[in-house]
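In this text, residue positions in the sequence shown follow the numbering used here: the first is 41, and each later residue adds one.
Don't be surprised by glycine CBs; every beta carbon is placed ideally from N, CA and C.
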Amino acid sequence: MTVALTAVSINTRAQDVATVVDRPTVGQQANYTGFRAPLHGGRLLKLPVGSVQPRGWLREYLVRQSKGLCGQLGTVSAWLDKKGNQWLSDTGDHGWEEVPYWLRGYASLAYILDDEAMKDEAQVWFDGVLSHLKSDGFLGPRNSSGGRPEVWAQMIMLWALQTYYEHSGDERVLKAMTDYMKWELTVSDDQFLEDYWENKRGGDNEWSVVWLYNRTGDEALLPLIEKLHRNTANWMLERDLPNWHGVNVAQGFREPATYYIYNGDEKALQCAYDNHRWMRERFGQVPGGMFGADENARTGYADPRQGAETCAIVEQMASDEIMMQITGDPFWADHCEDVAFNTLPAALMPDMRSLRYITSPNMTVSDGRLHGPSIDNNLRGMLSMSPFSSRCCQHNHGMGWPYFAEHLVMATTDGGLATMLYAANETTARVADGQEVKLTVTTNYPFEEQIRIKIETDKAVSFPLYLRVPAWVNKTPTAPTAPPSSPEGDTIDLLLNGAPITIEAPSGAVGGASAAYLRLDREWQSGDEVVLTLPMRVSTRVWQKNKASVSVDYGPLTLSLRIDERYQQRDSRDHDIVQDDSHWQAGVEASLWPAFEIFADSPWNYALCLDDQLLPTDITVERRPWPEDNFPFTPDAVPLVFKAKGKQIPSWGMDATGMTSMLPSYFAERSTTVDDLELVPMGAARLRITAFPKADVSKTIPDCEE
41 MTVALTAVSI
51 NTRAQDVATV
61 VDRPTVGQQA
71 NYTGFRAPLH
81 GGRLLKLPVG
91 SVQPRGWLRE
101 YLVRQSKGLC
111 GQLGTVSAWL
121 DKKGNQWLSD
131 TGDHGWEEVP
141 YWLRGYASLA
151 YILDDEAMKD
161 EAQVWFDGVL
171 SHLKSDGFLG
181 PRNSSGGRPE
191 VWAQMIMLWA
201 LQTYYEHSGD
211 ERVLKAMTDY
221 MKWELTVSDD
231 QFLEDYWENK
241 RGGDNEWSVV
251 WLYNRTGDEA
261 LLPLIEKLHR
271 NTANWMLERD
281 LPNWHGVNVA
291 QGFREPATYY
301 IYNGDEKALQ
311 CAYDNHRWMR
321 ERFGQVPGGM
331 FGADENARTG
341 YADPRQGAET
351 CAIVEQMASD
361 EIMMQITGDP
371 FWADHCEDVA
381 FNTLPAALMP
391 DMRSLRYITS
401 PNMTVSDGRL
411 HGPSIDNNLR
421 GMLSMSPFSS
431 RCCQHNHGMG
441 WPYFAEHLVM
451 ATTDGGLATM
461 LYAANETTAR
471 VADGQEVKLT
481 VTTNYPFEEQ
491 IRIKIETDKA
501 VSFPLYLRVP
511 AWVNKTPTAP
521 TAPPSSPEGD
531 TIDLLLNGAP
541 ITIEAPSGAV
551 GGASAAYLRL
561 DREWQSGDEV
571 VLTLPMRVST
581 RVWQKNKASV
591 SVDYGPLTLS
601 LRIDERYQQR
611 DSRDHDIVQD
621 DSHWQAGVEA
631 SLWPAFEIFA
641 DSPWNYALCL
651 DDQLLPTDIT
661 VERRPWPEDN
671 FPFTPDAVPL
681 VFKAKGKQIP
691 SWGMDATGMT
701 SMLPSYFAER
711 STTVDDLELV
721 PMGAARLRIT
731 AFPKADVSKT
741 IPDCEE
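Structural data, given as structure tokens:
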């Protein structure tokens, strides 16, 4: 498959040429903290928190989050009760893991929204952390496991402190982190990273060492990267992983890439790619970017009814964002969008006041009952929407959208900027010789094709602007589901100040299904506007390892069967539907924080009718008005609805545990009646079928990679 980048003959200026590149150019950029020698990598640089101001639906998401569980959790969760909290007192007894999980997302959210009350609340916690440092350099509560120091919670808090420093420049952070890391260097290997979580997730600590060294240049810190790598679980196995817990994989797979920053060994970097691919070969032959681990991936349980823990979803996105920084590879931006648009939205209620522990591509019930062994970890409340889904996801989910927003636009080491993740935003950043520019990105992507980028600057300035071209652009086969919004139809449309500009690509195309960048290198004037149109067409993927089931894509969006959803409100103190680790603060009004079970009120057991190209038969798209509340991730508000055809499979229903049954076999009888189906973007459907059986199993099944 190829991505056709058609060249046109009109230039706005003689020098205005968009060059296709696979990575940003390596340069010497002093505007933002890069990777200091002798470190390797660092093709992209994250802008300080708050530099990127999301607009449109993404800002609406963040506002809802501030009013929802993440923003209000400090008044709800007993683990965040300040009285006797381990992070605010040397004698505390709670909050060890939950505080840093919550604080890193909460702080990022507060600084992006510039919410004074939230910033004040975050400051209370950061001041508490920084005023309870130990004389030997230890940071936070001292916990032990088997007589050895336990440091998993410290790894999370380091990330929160990094965000706080980006916002505040508080020098106490650099000193506290330096003292703590030098304490880590004094711990003998037989006492270091021996507990379960810290052993699998030591890469998080490695990333913090890189972050700190880049800011201080203290070479005494560098041996800690080697020490952490040596004592962390081995994520450099060949075609195997050291652990199959979903969250551990989502954050642990990238550890070799972080180690590569230190040792420069390309084989280590390749291991991170291999880990990502290997998990998906075994348990990720499903749409939505994630994998079927439930809590722990199990042989024989790779059907699309298996799901991902909400913690795993947001940790995967964070890993994708880190991999973007290290490699500059737009593949990781593609993957981050896949997870963000298709999997994360359905893991939470639209008001962001409750979430569920497990979310699956094929999910026709979201209740509180026990579903083992169909789902791993046979606990109640793993599928229901609840403020107390679990104390990990309850506190950790909040980093997903704020971190995504922080990485919409990134700096490049050659003095430029790169649009990495597409959503409306206003970004203020320094380019070239330090001159400040403002990029205003206007779009309803991923629900529309067009992205408008306006540059504002006090004076003319030369710098490269990189525009990511996703791998799905012009992916074949395609179906003309609607009139194209670009005059070229199936080709990328690139305009500068209203005039088309030349796109220079090697041999006229980007080979394979690879993502790439369009590099525009020119002297920019205030008011210049770039309009990029990425043509979206319907395509399908065949998941050979899951009974050759088929999923349907439209650009970056994956489509699901629309199922009528019946919500049943429940008391979230009822342990028949929520997990047992839910703990309320005293005096919380529980009625303000209900739980929900969701049941299907329409048939869902459909096979999809496909034509000879394995495209949905007679598929059409209806474009509906943009929702007035600026929130498109619900079945009623979503602005894209697709019509398709299907046949029911009567034998496909619920299993003995009340869980959606696995995909039916090729030989399961299909109805002779063809029904009209409605498909909606996967992220808007909290109940959905996304991996479909084929209505006609005689259809040719071509080889298809994920």
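Own chain partners of residue i with C-beta closer than 8 Å, once the 5 adjacent residues on each side are dropped
i	result
PRO517	Its pLDDT being 39, under 50, PRO517 is placed unreliably by the model, and the measurement read from it follows with that caveat. Closer than 8 Å at the Cβ level, and outside the excluded window around PRO517, lie SER579, THR580, GLN653, LEU654 and LEU655.
ALA308	MET276, PRO296, ALA297, TYR299 and TYR300
MET357	CYS376, VAL379, ALA380, LEU384, GLY440, TYR443 and PHE444
LEU410	ASN418, LEU419, ARG420 and THR697
THR521	Note on THR521: pLDDT 35, under 50, position unreliable in the model; the coordinate value appears next. Cβ neighbours of THR521 beyond the five flanking positions: ARG577, VAL578, TYR594, ILE659, THR660, VAL661 and PHE682.
TYR557	VAL60, VAL61, ASP62, ARG63, PRO64, PRO370, ALA458, TYR506, LEU507, ARG508 and VAL509
Alpha-carbon to alpha-carbon, residue j and residue i
i	j	result
VAL481	LYS494	7 Å
LYS215	GLU476	30 Å
PRO523	TRP644	Legend: pLDDT at PRO523 = 32, less than 50; position of this residue unreliable, no value from coordinates given.
ASP416	ALA333	8 Å
PHE232	ASN271	7 Å
GLN251	HIS437	Going by the sequence as given, residue 251 is Trp instead of Gln. Those two C-alpha atoms are separated by around 23 Å.
PRO442	THR350	15 Å
LYS499	THR367	32 Å
ASN402	PHE732	9 Å
ALA635	GLY186	38 Å
ILE201	GLN93	Note on residue identity: the sequence assigns Leu, not Ile, to residue 201. LEU201 and GLN93: Cα-Cα distance of roughly 21 Å.
LYS267	ASN183	21 Å
THR453	SER117	42 Å
GLY145	GLU355	12 Å
THR218	THR497	38 Å
LEU717	PRO704	19 Å
TYR220	GLY177	5 Å
MET330	ARG320	8 Å
GLY529	GLU489	The predicted position of GLY529 is uncertain, since its pLDDT is 44 and thus under 50; a value taken from the coordinates is nonetheless stated next. If you take the alpha carbons of GLY529 and GLU489, they lie about 11 Å apart.
SER228	LEU597	49 Å
SER106	ARG99	11 Å
ALA511	ALA684	25 Å
Residues that DSSP places opposite residue i in a beta bridge
i	result
MET425	PHE636
TYR594	VAL578 and LEU597
ASP533	THR573
MET450	LYS86 and ALA458
HIS285	ASN336
LEU750	No answer is possible for residue 750: it lies beyond the span of the chain, which begins at 41 and ends at 746.
VAL481	ASN465 and ILE493
MET403	ARG728
ALA539	LEU536
GLU361	Note: GLU361 sits in no beta bridge, so no partner.
LYS734	LEU648
GLY686	LEU648 and ASP715
Beta-carbon contacts of residue i that lie in its chain and below 6 Å, excluding the five residues immediately before and after
i	result
ALA352	GLY286, VAL287 and ALA290
HIS269	TYR299
TRP237	TRP192
GLN194	LEU179 and GLY180
ASP621	ARG431
ARG188	GLN231 and GLU234
Close-in-space but distant-in-sequence residues of the same chain around residue i (CB under 7 Å, 5 per side omitted)
i	result
GLU335	HIS285, GLY286, GLU349, ASP416 and ASN417
ARG212	LEU170
GLY114	LEU120 and GLU161
ALA519	Here the model assigns ALA519 a pLDDT of 37, short of 50, so the residue's position is not dependable, and the following value carries that caveat. If we look at ALA519 and ignore the five residues flanking it on each side, its Cβ neighbours are ARG577, VAL578, LEU655 and ILE659.
C-beta neighbour in chain B for residue i, strict 9 Å
i	result
THR468	Among the chains in the structure shown there is no chain B, since it carries only a single protein chain.
I want to know whether the region 114-130 touches the region 464-478 - three or more CB-CB distances under 8 Å. no
Is it a yes or a no for the region 61-77 touching the region 420-436, going by three-plus beta-carbon pairs under 8 Å? no
Under 8 Å: do the region 655-667 and the region 675-686 share three or more Cβ pairs, one atom per stretch? yes
Between the region 558-576 and the region 599-607, are three or more C-beta pairs nearer than 8 Å? no
Is there contact here, the region 160-176 with the region 448-461, by at least three beta-carbon pairs under 8 Å? no
Only counting runs of 4 or more residues, tell me where the alpha helix (DSSP H) segments fall wholly within the region 99-138, in order along the chain. 109-112
Do the region 362-375 and the region 615-627 touch if we need at least three Cβ pairs shorter than 8 Å? no
Taking contact to mean at least 3 C-beta pairs separated by less than 8 Å, is the region 75-87 in contact with the region 389-408? The region 75-87 is not in contact with the region 389-408.
Stretch pair the region 445-452 + the region 383-393: three plus CB contacts closer than 8 Å: Judged by Cβ distances under 8 Å, the region 445-452 makes no contact with the region 383-393, as fewer than three pairs qualify.
So does the region 589-598 actually touch the region 534-545, counting three or more Cβ pairs closer than 8 Å? no
If we count Cβ pairs, one from each stretch, closer than 8 Å, do we get three or more for the region 86-93 versus the region 102-120? no
Can you give, in chain order, each stretch of the alpha helix (DSSP H) that sits fully within the region 259-303 and has at least 4 residues? 262-271, 286-292 and 295-303
4-residue-minimum alpha helix (DSSP H) runs that sit fully inside the region 175-241, ordered along the chain: The region 175-241 contains these whole alpha helix (DSSP H) runs: 192-208, 211-226 and 236-240.
When you compare the region 194-214 with the region 139-146, are there three or more beta-carbon pairs, one atom per stretch, that lie closer than 8 Å? As far as the Cβ criterion goes, the region 194-214 touches the region 139-146, which means the pair count is three or higher.
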